[in-house]
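Structure record follows, encoded as C-alpha cells.
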Amino acid sequence: MNTQQKTGRGGARPGAGRKKGSSVYGETTKAIRVPESMLPEVKSMLTLRQQCFAESALISLPSESPERISIPLFSGKVAAGFPSPADDYIEKTLDLNDLLIQKPAATFFVRAEGESMLGAGIHPNDILVVDRSIDPIVGKVVICALNGELTVKRLKSLGQEVILGAENPAYADITVHEEIELIIWGVVTNVIHAL
Numbered sequence: 150m151n152t153q154q155k156t157g158r159g160g161a162r163p164g165a166g167r168k169k170g171s172s173v174y175g176e177t178t179k180a181i182r183v184p185e186s187m188l189p190e191v192k193s194m195l196t197l198r199q200q201c202f203a204e205s206a207l208i209s210l211p212s213e214s215p216e217r218i219s220i221p222l223f224s225g226k227v228a229a230g231f232p233s234p235a236d237d238y239i240e241k242t243l244d245l246n247d248l249l250i251q252k253p254a255a256t257f258f259v260r261a262e263g264e265s266m267l268g269a270g271i272h273p274n275d276i277l278v279v280d281r282s283i284d285p286i287v288g289k290v291v292i293c294a295l296n297g298e299l300t301v302k303r304l305k306s307l308g309q310e311v312i313l314g315a316e317n318p319a320y321a322d323i324t325v326h327e328e329i330e331l332i333i334w335g336v337v338t339n340v341i342h343a344l
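Now the structure itself:
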C-alpha cells in the first residue's frame, strides 16, 4: 500500500522552463559529449562566436514566425534586351520567406562591407542570407570569423591548404594556416541587392 501523499510539487507546469530562443546563442541548444581534452577549445570557439554576434550590428536573425506576404508572380518573363508583349495574368503568388529561407532556425542575415566579393555579385551594404545547416564545401561562398573578424569569401582549396578566395582581383586570397583561427558560420545562399 502506498502511503505517500502528493505535495503538489514537481512535474510539468504550463509556462515553465526555458523559452524558445532564450539561450545565450539565441537558438535551441543540444547537449553533447565532448572529450575533456577538447573542452577548452569548444568553450573558446563558443565564446568567440558569441562575441562576434554581440559586437556586430550587421547580423540579424529572421523572425521565428514571419508573417506570410504573398506577392503576385507574373508568368511572363521580362526581357532585358528587346521588349516583348507581357502576359496579363498571374501565374501564382510568391512569399519571399519561402524563396529565400529554407531553414529559418539555421538562417541569419548579415550586411556586406567592402568590395572583395564584387565578382560574386556581393556589393557593399547588400544583405546576405546565410544558412548554417549547409555544409561549407569548396566552391561555396561562406561567412566566417577569421581571427575574430567576420568576412565573406569563397571557400577554395589547393592540395591540403584551405583558401578563402576574394572575387575581386584587387584583393588577395587568404591561405589559412595553423596560426589563423577560422570558424565558418554558414553558407551564403542569396544576396539581397538594392538598385
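Here the numbering used here is used: the first residue of the sequence shown is 150, the next is one more, and so on.
The beta carbon of each residue, even a glycine, is placed where N, CA and C say it ideally should be.
Since this is a predicted model, take the numbers as computed values, not measurements.
Can you tell me where the alpha helix (DSSP H) with residue i in it begins and where it stops?
i      : result
Leu245 : 245 to 249
Does residue i pass the burial test, meaning 16 or more other C-beta atoms within 10 Å, or should it be called exposed?
i      : result
Thr177 : exposed
Lys329 : The question names Lys, but residue 329 in the sequence shown is Ile. By the neighbour-count rule (16 or more Cβ atoms within 10 Å), Ile329 is not buried but exposed.
Lys241 : exposed
Asp236 : Here the model assigns Asp236 a pLDDT of 48, short of 50, so the residue's position is not dependable and the matter cannot be decided.
Lys302 : buried
Val259 : buried
Check each candidate in the options and name the one with the smallest Cα separation from residue i.
i      : options                        : result
Ser351 : Thr300, Glu298, Ala315         : Past the edges of the chain, shown from 150 to 344, lies residue 351, and the structure says nothing about it.
Asp244 : Ala255, Glu216, Thr300, Ser265 : Glu216
Thr256 : Glu310, Ala343, Arg162, Trp334 : Trp334
Gln309 : Leu299, Glu190, Met266, Glu327 : Glu327
Thr300 : Lys192, Met187, Met266, Arg162 : Met266
Val311 : Pro285, Glu298, Gly297, Pro318 : Pro285
Asn339 : Leu248, Thr196, Arg162, Val325 : Leu248
Report, in whole angstroms, the separation of the C-beta atoms of residue i and residue j, which I expect to be a contact under 8 Å.
i      : j      : result
Ala261 : Asp275 : 5 Å
Met194 : Ile332 : 6 Å
Looking at the secondary structure, which residues open and close the beta strand (DSSP E) in which residue i lies?
i      : result
Thr338 : 331 to 341
Thr178 : Here Thr178 belongs to no beta strand (DSSP E), and DSSP marks it neither H nor E.
Lys305 : 298 to 307
Leu313 : 310 to 314
Ala294 : 290 to 295
Asp280 : 276 to 280
Ile323 : 323 to 325
Val287 : Unbroken run through Val287: none, as it is neither H nor E.
Arg260 : 256 to 260
Hey, residue i and residue j: beta-carbon distance below 8 Å or not?
i      : j      : result
Ile250 : Val336 : no
Leu295 : Ile271 : no
Leu304 : Val287 : yes
Val278 : Ile181 : no
Ala321 : Val290 : no
Pro253 : Gly263 : no
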